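Here is the structure we will look at.
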Amino acid sequence: MDFFVGHYNYWIVIFLMMVGLYTVISRGNLIKKIIGLNIFQVSVFFLYISLGNVEGGAAPIITEGVEIYSNPLPHVLILTAIVVSVATTALALALVIRIKESYGTIEEDEIHNLDHSL
Amino acid sequence: MVDHISLLLVVVPLIAAPVVAVLPRGRLPWALSFIVATLCAVLAGMQLWSILHEGAISYELGGWAPPWGIEYRIDAVNAFVALIVAAIAAITLPYALLSTEREIPEEKIPLFYSAMLLCLTGLLGITQTGDIFNVFVFLEISSLASYALISLGRQRQAFTSAYQYLIMGTIGATFYLIGVGLIYSQTGSLNMQDLAAILPDVLHLKTVETGFAFIMIGIALKLALFPLHLWLPNAYTYAPSVVTVFLAATATKVAVYVMLRILFTVFPQGFALTTPADELFIVAGIAGIIVASVYAIYQENTKRLLAYSSVAQVGYMALGIGFASATGVTATLIHLFNHALMKGALFMAIGAIIYRIGACRMDQINGLGRAMPWTFGAIVIGGLSLVGVPGTAGFISKWYLVVAALEQEAWISVAVILLGSLLAVVYVGKLIEALYFKPVSDAGKEVSEAPILLLMPTWGLVFANLYFGLDTDLTVGVAEKAAAVLGVMRP
Chain A
42 MDFFVGHYNY WIVIFLMMVG LYTVISRGNL IKKIIGLNIF QVSVFFLYIS
92 LGNVEGGAAP IITEGVEIYS NPLPHVLILT AIVVSVATTA LALALVIRIK
142 ESYGTIEEDE IHNLDHSL
Chain B
13 MVDHISLLLV VVPLIAAPVV AVLPRGRLPW ALSFIVATLC AVLAGMQLWS
63 ILHEGAISYE LGGWAPPWGI EYRIDAVNAF VALIVAAIAA ITLPYALLST
113 EREIPEEKIP LFYSAMLLCL TGLLGITQTG DIFNVFVFLE ISSLASYALI
163 SLGRQRQAFT SAYQYLIMGT IGATFYLIGV GLIYSQTGSL NMQDLAAILP
213 DVLHLKTVET GFAFIMIGIA LKLALFPLHL WLPNAYTYAP SVVTVFLAAT
263 ATKVAVYVML RILFTVFPQG FALTTPADEL FIVAGIAGII VASVYAIYQE
313 NTKRLLAYSS VAQVGYMALG IGFASATGVT ATLIHLFNHA LMKGALFMAI
363 GAIIYRIGAC RMDQINGLGR AMPWTFGAIV IGGLSLVGVP GTAGFISKWY
413 LVVAALEQEA WISVAVILLG SLLAVVYVGK LIEALYFKPV SDAGKEVSEA
463 PILLLMPTWG LVFANLYFGL DTDLTVGVAE KAAAVLGVMR P
């Protein structure tokens with residue numbers, strides 16, 4: 042039982058990772074692919090932050106009377122990764138707008154029929 | 013000032029990028045980018061000279077000591093790859109002046125140069141840093157800049173190519189991030205040298221092995237290792253010519269460097285041999301060489317042909333890594349350098365053809381060799397280098413690869429390397445036949461030679477090909493030192 046309940050954070054990470062990757066691969070709509078990519082990246086953020094949690098630790102902000110803090114470094118790493126994820130999403134959305142303008146559609150199979158490019 | 017070269021290599025293009033973006037239109041953005049790129053090339057040369065004469069550099073960012081602070085650690089491998097990247101950037105920029113004026117809308121040119129400088133920042137940052145998370149940050153900086161650069165191509169497939177590259181590249185980078193997270197969870201450190209000390213104690217843990225696997229797959233995607241190469245042909249074909257030249261000569265090379273670092277420096281000696289990693293590199297390398305070369309033969313678009321050829325050349329580099337011996341790693345590093353020169357020259361020559369006739373399909377470039385002799389000469393010598401004819405740089409790298417394969421008694425690899433050269437003869441021959449031996453098509457009736465500003469960088473790279481095919485002190489000498497620094501696994 043501890044395998045499931047004790048490690049529930051890893052199960053959430055695995056579930057989100059698989060949902061995200063499956064969405065990127067299986068959905069033909071370009072926006073849905075971007076959403077899938079975001080879900081995949083969010084799962085990685087959960088992995089880092091949940092790994093950084095110290096049992097019995099408080100939030101990593103220096104306060105009086107607190108002796109054990111959670112590890113602040115994963116939080117910092119994930120802030121950087123979130124910024125990267127947001128920038129990637131913004132760029133992807135800009136590309137989708139231009140694709141819609143040039144092709145008239147954002148469905149992968151229709152673009153493939155027009156152009157064999159996706 | 014000299015102490016800070018390692019940091020200046022990253023900071024100078026980074027600060028120049030937004031400055032270039034706001035400069036008024038005209039030649040000013042190009043001029044500033046050219047100055048910055050030349051400065052980076054000079055600094056990279058000084059850095060390599062300093063490494064060879066004084067030993068490795070360890071630069072602490074902000075004065076914070078490693079392993080808590082980020083450390084820029086430069087040794088022979090880093091300095092070599094940084095020199096390649098900066099020198100290619102410096103030689104591409106004079107080429108860019110005319111090429112971008114034809115291919116990119118005028119109002120976007122300052123933003124184009126800004127994105128080029130950001131890409132240069134990212135690539136140089138990857139080579140300079142000694143912290144594995146910092147590698148991810150710079151990897152994403154360079155990747156995002158390249159997605160933007162590729163989407164500036166004239167045809168509408170540029171958008172879909174950039175989108176496809178974005179999705180695949182982000183998945184690859186996120187796999188790398190997962191791997192780094194898993195390793196961090198078991199070691200508590202992100203510094204490469206520190207990890208090399210801590211990892212031997214935790215190597216038996218499944219977490220660390222999984223982290224290693226994730227990192228390998230993530231970087232293999234950036235490397236365009238077969239079968240994770242699907243983004244490359246489209247991205248190189250539909251990008252503007254300058255972007256193809258720059259990316260073909262630098263982006264995959266830097267990913268090879270990251271692979272070498274992770275395999276040899278971060279993970280202790282011999283770990284990769286206990287995993288299937290080395291055999292998989294050899295298999296993927298062989299598959300890449302054969303399949304990509306065969307694909308290249310059937311392509312109608314010359315840029316696409318050269319793009320598949322790039323995938324095959326990456327297969328050669330993967331073979332060298334898979335051998336994991338001193339000669340193998342030396343061969344990979346030499347091929348890294350030489351391939352940058354070869355592909356740079358070839359894509360520049362194709363870009364010159366595009367400059368003149370606006371197209372690059374096989375049926376449209378017929379007969380242009382006679383009207384554009386210098387461009388044709390560059391394609392011939394670049395093609396001979398790709399095949400591996402003695403006297404050109406390509407021969408040196410093929411030689412070392414075959415020697416490495418013979419040392420390992422990997423007869424299949426020897427056969428594949430030679431078969432790859434034969435297939436290269438076929439597709440290079442196709443290119444040369446179309447350019448010289450066919451009658452001129454309608455698209456190329458009134459064509460004159462490419463302008464001198466496009467020809468000079470092209471022939472600069474061609475002469476570098478010939479020079480480094482005959483005088484190998486720099487390439488082989490530094491590559492052997494770098495392989496010694498990496499500390500290879502099999503004797």
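Protein sequence lines correspond, in order, to chains A and B.
Take any residue in the first sequence, note its place counting from 1, add 41, and you have its number in our numbering.
Take any residue in the second sequence, note its place counting from 1, add 12, and you have its number in our numbering.
Built from N, CA and C at the ideal position, the CB exists for glycine as well.
Remember, it's a predicted structure, so these values are computed and weren't measured experimentally.
Jot down the residue ranges of each uninterrupted alpha helix (DSSP H) in the stretch 224-290 of chain B, minimum 4 residues, whole runs only, in chain order.
Complete alpha helix (DSSP H) runs here, min 4: 243-250, 253-272 and 283-286.
Can you check which of these residues, B:I69, B:V97 and B:M128, is closest to L26 of chain B by C-alpha distance?
Closest by alpha carbon: B:M128.
What residues from chain A crowd round V149 of chain B, counting only those whose CB sits closer than 8 angstroms?
Proximity of chain A to V149 of chain B at the Cβ level (cut-off 8 angstroms) is accounted for by T121 and V125, in chain order.
Between I3 of chain B and T141 of chain B, how many whole angstroms is the CB-CB distance? I'm expecting something under 8 angstroms.
The displayed coordinates of chain B run from 13 to 503. Any statement about residue 3 of chain B would go beyond what the structure contains.
Quick one: what's A99 of chain A bridged to in DSSP?
Answer is A:Y110, bridged to A99 of chain A.
P252 of chain B: buried (16+ other C-beta within 10 angstroms of its C-beta) or exposed?
By the neighbour-count criterion, in which 16 or more other beta carbons inside 10 Å mark a residue as buried, P252 of chain B falls on the buried side.
Drop a sphere of 10 angstroms on the beta-carbon of M59 of chain A, count the other beta-carbons inside from all chains shown, and report buried for 16 or more, exposed for fewer.
It counts as exposed.
What ranges does the alpha helix (DSSP H) occupy inside the stretch 396-483 of chain B, keeping only unbroken runs of at least 4 residues that lie completely in it?
Qualifying alpha helix (DSSP H) stretches, in chain order: 405-419, 423-444 and 464-482.
Beta-carbon proximity list for K450 of chain B, same chain, < 8 angstroms, skipping 5 on both sides
Counting only Cβ-Cβ distances below 8 angstroms, and skipping sequence neighbours, we find N378 and G379.
Mind listing which residues of the stretch 129-158 of chain B have their C-beta closer than 7 angstroms to chain A's C-betas, in chain order?
Answer set for the stretch 129-158 of chain B: F145, V149, E152 and L156.
Runs of alpha helix (DSSP H) lying entirely within the stretch 327-411 of chain B, each at least 4 residues, in chain order
The stretch 327-411 of chain B contains, as complete alpha helix (DSSP H) runs of 4+ residues, the segments 338-369, 380-383 and 385-399 (chain order).
Keeping to the same chain, check which residues put their C-beta closer than 7 angstroms to that of L134 of chain A; ignore five residues upstream and five downstream.
Only I75 meet the Cβ criterion.
Going by the CB atoms, is the gap between L123 of chain B and A128 of chain A shorter than 8 angstroms?
With contacts defined as CB atoms closer than 8 angstroms, A128 of chain A and L123 of chain B fail to qualify as a contacting pair.
Residues of the stretch 67-86 of chain B with a CB closer than 7 angstroms to any CB of chain A: list them in chain order, please.
Hits within the stretch: zero.
Is D143 of chain B helix, strand or coil by DSSP?
DSSP places D143 of chain B in strand when its eight states are reduced to three.
Chain A within 8 angstroms of N313 of chain B, Cβ atoms only
Judged by the 8 angstroms Cβ criterion, N313 of chain B is not in contact with chain A.
Where I53 of chain A sits in the DSSP three-state scheme:
If DSSP states are grouped into helix, strand and coil, I53 of chain A belongs with the helices.
Find the nearest neighbour of R85 of chain B within the set B:A405, B:D375, B:I393 and B:R273, judged by alpha-carbon distance.
Minimum Cα distance to R85 of chain B is reached at B:R273.
8 angstroms is my cut-off, CB to CB: does Y51 of chain A come that close to chain B?
Not one chain B Cβ lies under 8 angstroms of Y51 of chain A.
Residue environment, Q325 of chain B, which counts as buried when at least 16 other CB atoms sit within 10 Å:
If you draw a 10 Å sphere on the C-beta of Q325 of chain B, you find 16 or more other C-beta atoms in it, and that means buried.
Within the 8 angstroms Cβ cut-off, does F44 of chain A reach chain B?
No, no contact with chain B.
With distances taken from CA atoms, which of B:L73, B:A436, B:K265 and B:L35 is nearest I17 of chain B?
Out of B:L73, B:A436, B:K265 and B:L35, B:L73 has the C-alpha closest to the C-alpha of I17 of chain B.
CB-CB under 7 angstroms to K465 of chain B, same chain, minus the five flanking residues each way: which ones, in chain order?
The displayed chain sequence assigns Leu, not Lys, to residue 465 of chain B. The beta carbon of L465 of chain B is closer than 7 angstroms to those of P106, L109 and L110 in its chain, skipping five residues each way along the sequence.
Going along the chain, which residues of its own chain have a beta-carbon closer than 6 angstroms to the beta-carbon of F150 of chain B, five neighbours each way excluded?
Counting only Cβ-Cβ distances below 6 angstroms, and skipping sequence neighbours, we find G134, G137 and I138.
Counting only Cβ-Cβ distances shorter than 8 angstroms, please list the residues of the stretch 130-158 of chain A near chain B, keeping chain order.
When C-beta distances to chain B are compared with 8 angstroms, the residues of the stretch 130-158 of chain A below that value are L132, A133, L136, V137, R139, I140, S143, Y144, I152, D156 and S158, in chain order.
Is the Cβ-Cβ distance between A336 of chain B and D290 of chain B less than 8 angstroms?
It is a contact, given that the beta carbons lie within the stated cut-off.
Give the secondary structure of N79 of chain A by DSSP, where H, G and I count as helix, E and B as strand, and everything else as coil.
DSSP places N79 of chain A in helix when its eight states are reduced to three.
Which residues does DSSP list as the beta-bridge partners of M70 of chain B?
As written in the sequence, residue 70 of chain B is Ser, which differs from the Met given in the question. DSSP output for S70 of chain B lists B:R85 as bridge partner(s).
For a contact defined as C-beta to C-beta under 8 angstroms, what are the partners of Q205 of chain B on chain A?
Correct list: empty, because the minimum Cβ distance to chain A is about 18 angstroms.
Is T262 of chain B closer than 8 angstroms to I100 of chain B when the C-beta atoms are compared?
Yes; because the gap between Cβ atoms is below 8 angstroms, this pair is in contact.
By Cβ distance below 6 angstroms, which residues in the same chain neighbour A86 of chain A in space, the five residues on each side in sequence not counted?
Note that residue 86 of chain A is Phe in the sequence shown here, rather than Ala. In its chain, beyond the 5 residues on either side, I119 have a beta carbon closer than 6 angstroms to the beta carbon of F86 of chain A.
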